[in-house]
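Going left to right, the sequence shown walks through residues 9 to 205 as my numbering numbers them. Beta carbons are placed, not taken as given, at the ideal position from N, Cα and C, and that holds for glycine. Since this is a predicted model, take the numbers as computed values, not measurements.
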Amino acid sequence: ADFAVGCTYKYLNGGPGSPGFIYVAPHLIDNIEPTLSGWLGHAAPFAFAQGYEPGNGIDRMRVGTPPVLALASLEAALDVWDMVDMAELRAQSIALSQLFIAEIENKCPMLKLGSPRDPNKRGSQVAFHFQEGYAAMQALIERGVIGDFRAPDTMRFGFTPLYIDQQDIRAATDIITDVMQNRLWDTDAYKIRAAVT
(Lines of atoms letter the chains of each structure in order from A and count residues from 1; the text may use other names and numbers.)
(Lines give C-alpha, C1' and ligand atoms only; values in the text may rest on other atoms or scores of the structure.)
Protein backbone atom coordinates (compact mmCIF):
# COMPACT_ATOMS: atom_id res chain seq x y z
CA ALA A 1 0.00 0.00 0.00
CA ASP A 2 1.12 3.54 -0.67
CA PHE A 3 -1.18 5.09 1.94
CA ALA A 4 -3.26 3.77 4.83
CA VAL A 5 -5.14 5.41 7.67
CA GLY A 6 -6.82 3.82 10.64
CA CYS A 7 -8.17 4.28 14.10
CA THR A 8 -7.45 2.58 17.39
CA TYR A 9 -10.66 3.15 19.31
CA LYS A 10 -12.73 0.16 18.16
CA TYR A 11 -11.19 -3.19 17.37
CA LEU A 12 -7.79 -2.27 18.83
CA ASN A 13 -9.64 -1.45 22.07
CA GLY A 14 -8.15 2.02 22.54
CA GLY A 15 -11.45 3.53 23.62
CA PRO A 16 -12.82 7.05 23.16
CA GLY A 17 -10.18 9.66 22.38
CA SER A 18 -7.55 7.17 21.26
CA PRO A 19 -5.48 8.33 18.29
CA GLY A 20 -5.73 7.57 14.62
CA PHE A 21 -2.71 6.70 12.52
CA ILE A 22 -1.36 7.08 9.02
CA TYR A 23 1.09 5.12 6.92
CA VAL A 24 2.81 6.60 3.87
CA ALA A 25 5.16 4.46 1.78
CA PRO A 26 8.77 5.54 2.34
CA HIS A 27 9.32 6.27 -1.35
CA LEU A 28 6.48 8.84 -1.27
CA ILE A 29 6.75 10.52 2.12
CA ASP A 30 9.29 13.21 1.25
CA ASN A 31 7.11 14.36 -1.66
CA ILE A 32 3.98 14.80 0.48
CA GLU A 33 2.81 18.23 1.63
CA PRO A 34 0.50 17.57 4.58
CA THR A 35 -2.91 19.19 4.16
CA LEU A 36 -3.11 19.65 7.91
CA SER A 37 0.16 20.78 9.43
CA GLY A 38 1.16 21.69 12.94
CA TRP A 39 4.12 22.61 15.04
CA LEU A 40 5.11 19.02 15.87
CA GLY A 41 5.36 18.18 12.16
CA HIS A 42 7.85 21.03 11.62
CA ALA A 43 11.47 20.21 10.77
CA ALA A 44 12.55 22.08 13.92
CA PRO A 45 9.48 22.40 16.17
CA PHE A 46 11.31 24.07 19.05
CA ALA A 47 13.07 26.67 16.89
CA PHE A 48 9.74 28.54 16.59
CA ALA A 49 10.49 29.75 13.07
CA GLN A 50 7.96 32.06 11.40
CA GLY A 51 7.45 29.82 8.35
CA TYR A 52 6.58 26.15 8.13
CA GLU A 53 9.10 23.58 6.94
CA PRO A 54 7.87 19.97 6.98
CA GLY A 55 9.85 17.49 9.04
CA ASN A 56 11.70 14.54 7.58
CA GLY A 57 9.96 11.29 6.80
CA ILE A 58 6.74 10.40 8.53
CA ASP A 59 7.39 13.07 11.20
CA ARG A 60 5.96 15.64 8.77
CA MET A 61 2.52 14.07 9.23
CA ARG A 62 2.39 14.98 12.93
CA VAL A 63 0.14 17.89 13.77
CA GLY A 64 0.24 18.72 17.45
CA THR A 65 0.95 17.34 20.87
CA PRO A 66 -0.08 13.69 21.03
CA PRO A 67 -2.82 12.72 23.51
CA VAL A 68 -0.46 11.27 26.13
CA LEU A 69 -3.12 9.76 28.41
CA ALA A 70 -4.92 8.18 25.47
CA LEU A 71 -1.62 6.77 24.20
CA ALA A 72 -0.88 5.24 27.62
CA SER A 73 -4.29 3.59 27.62
CA LEU A 74 -3.80 2.40 24.06
CA GLU A 75 -0.41 0.92 24.91
CA ALA A 76 -2.02 -1.26 27.57
CA ALA A 77 -4.81 -2.25 25.18
CA LEU A 78 -2.31 -3.22 22.48
CA ASP A 79 -0.43 -5.55 24.85
CA VAL A 80 -3.28 -8.05 24.41
CA TRP A 81 -2.46 -8.38 20.72
CA ASP A 82 0.99 -9.81 21.48
CA MET A 83 -0.75 -13.02 22.57
CA VAL A 84 -3.28 -13.26 19.72
CA ASP A 85 -3.05 -15.53 16.72
CA MET A 86 -4.73 -13.48 13.99
CA ALA A 87 -5.86 -16.55 12.00
CA GLU A 88 -7.60 -17.95 15.09
CA LEU A 89 -9.12 -14.55 15.86
CA ARG A 90 -10.47 -14.21 12.33
CA ALA A 91 -11.87 -17.76 12.39
CA GLN A 92 -13.67 -17.00 15.65
CA SER A 93 -14.93 -13.68 14.25
CA ILE A 94 -16.42 -15.50 11.27
CA ALA A 95 -17.98 -18.18 13.48
CA LEU A 96 -19.60 -15.56 15.73
CA SER A 97 -20.93 -13.46 12.86
CA GLN A 98 -22.26 -16.54 11.03
CA LEU A 99 -24.06 -17.66 14.20
CA PHE A 100 -25.51 -14.16 14.63
CA ILE A 101 -26.78 -14.04 11.04
CA ALA A 102 -28.32 -17.52 11.29
CA GLU A 103 -30.09 -16.71 14.57
CA ILE A 104 -31.43 -13.35 13.36
CA GLU A 105 -32.60 -14.65 9.99
CA ASN A 106 -34.32 -17.59 11.72
CA LYS A 107 -36.09 -15.52 14.39
CA CYS A 108 -36.46 -12.02 12.91
CA PRO A 109 -37.53 -12.20 9.25
CA MET A 110 -38.37 -8.48 9.32
CA LEU A 111 -34.61 -7.78 9.43
CA LYS A 112 -32.86 -8.05 6.06
CA LEU A 113 -29.15 -8.80 5.82
CA GLY A 114 -27.24 -5.76 4.57
CA SER A 115 -23.72 -7.20 4.78
CA PRO A 116 -22.20 -9.59 2.27
CA ARG A 117 -23.26 -13.13 3.11
CA ASP A 118 -19.79 -14.42 2.24
CA PRO A 119 -17.69 -13.89 5.40
CA ASN A 120 -14.59 -13.39 3.26
CA LYS A 121 -16.19 -10.23 1.89
CA ARG A 122 -16.88 -8.57 5.24
CA GLY A 123 -15.03 -7.71 8.40
CA SER A 124 -16.04 -8.26 12.00
CA GLN A 125 -19.34 -6.44 11.61
CA VAL A 126 -22.81 -7.39 10.38
CA ALA A 127 -25.51 -5.00 9.19
CA PHE A 128 -29.24 -5.55 8.91
CA HIS A 129 -31.82 -3.29 7.28
CA PHE A 130 -35.07 -2.37 8.99
CA GLN A 131 -37.27 0.63 8.20
CA GLU A 132 -37.52 1.56 11.89
CA GLY A 133 -33.90 0.67 12.56
CA TYR A 134 -33.19 3.78 14.61
CA ALA A 135 -35.99 3.07 17.09
CA ALA A 136 -35.12 -0.63 17.20
CA MET A 137 -31.47 0.17 17.98
CA GLN A 138 -32.48 2.51 20.79
CA ALA A 139 -34.63 -0.25 22.32
CA LEU A 140 -31.73 -2.71 22.00
CA ILE A 141 -29.21 -0.33 23.57
CA GLU A 142 -31.54 0.20 26.52
CA ARG A 143 -31.57 -3.59 26.98
CA GLY A 144 -27.79 -3.96 26.79
CA VAL A 145 -27.29 -4.90 23.12
CA ILE A 146 -24.99 -2.14 21.89
CA GLY A 147 -24.88 -1.59 18.16
CA ASP A 148 -25.26 1.51 16.06
CA PHE A 149 -27.50 2.91 13.36
CA ARG A 150 -26.72 4.46 9.98
CA ALA A 151 -29.39 6.24 7.96
CA PRO A 152 -31.60 5.49 6.33
CA ASP A 153 -32.27 2.02 7.80
CA THR A 154 -29.07 0.17 8.76
CA MET A 155 -28.50 -1.47 12.13
CA ARG A 156 -24.84 -2.45 12.67
CA PHE A 157 -23.44 -5.01 15.11
CA GLY A 158 -19.75 -5.64 15.82
CA PHE A 159 -18.11 -8.85 16.98
CA THR A 160 -14.90 -8.78 18.99
CA PRO A 161 -13.85 -12.37 19.66
CA LEU A 162 -11.30 -11.29 22.24
CA TYR A 163 -14.15 -10.94 24.72
CA ILE A 164 -17.39 -12.07 23.06
CA ASP A 165 -18.36 -15.74 22.72
CA GLN A 166 -21.27 -17.83 21.42
CA GLN A 167 -23.13 -17.45 24.71
CA ASP A 168 -23.02 -13.66 24.29
CA ILE A 169 -24.31 -13.98 20.71
CA ARG A 170 -27.22 -16.16 21.79
CA ALA A 171 -28.09 -13.80 24.66
CA ALA A 172 -28.02 -10.83 22.27
CA THR A 173 -30.13 -12.56 19.63
CA ASP A 174 -32.69 -13.51 22.30
CA ILE A 175 -33.00 -9.82 23.24
CA ILE A 176 -33.17 -8.75 19.58
CA THR A 177 -35.88 -11.36 18.97
CA ASP A 178 -37.92 -10.09 21.91
CA VAL A 179 -37.59 -6.46 20.79
CA MET A 180 -38.47 -7.22 17.18
CA GLN A 181 -41.22 -9.82 17.58
CA ASN A 182 -42.99 -7.86 20.32
CA ARG A 183 -42.41 -4.48 18.63
CA LEU A 184 -40.83 -3.10 21.79
CA TRP A 185 -39.12 -0.50 19.60
CA ASP A 186 -42.48 1.01 18.59
CA THR A 187 -42.66 3.89 21.09
CA ASP A 188 -42.33 7.62 20.58
CA ALA A 189 -39.37 7.78 22.97
CA TYR A 190 -37.24 5.47 20.79
CA LYS A 191 -38.07 7.41 17.62
CA ILE A 192 -36.65 10.75 18.83
CA ARG A 193 -33.37 11.20 16.97
CA ALA A 194 -30.28 12.08 18.99
CA ALA A 195 -27.05 13.49 17.56
CA VAL A 196 -25.18 10.22 18.18
CA THR A 197 -26.71 6.85 17.41
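So, helix, strand or coil for Tyr60, using DSSP?
coil
Mind the definition here: the stretch 128-135 touches the stretch 162-170 only if three or more C-beta pairs lie below 8 Å; say whether that holds.
yes
Assign Ile154 to buried or exposed, taking buried as 16 or more other Cβ atoms, counted over all protein chains shown, within 10 Å of its Cβ.
exposed
In the DSSP assignment, what residue or residues form a beta bridge with Lys120?
His137
Let me confirm a value: Val187 is counted as buried when at least 16 other C-beta atoms fall within 10 Å, else exposed. Which label applies?
buried
For Arg164, which residues does DSSP report across the bridge?
Ala135 and Asp156
Per the DSSP calculation, Gly14 is bridged to which residue(s)?
Phe29
For the alpha helix (DSSP H) that contains Val187, what are its first and last residues?
Gln174 to Gln189
Would you grab the beta carbon distance between Asp161 and Gln139 for me? Rounded to a whole angstrom, and I think it's under 8 Å.
6 Å
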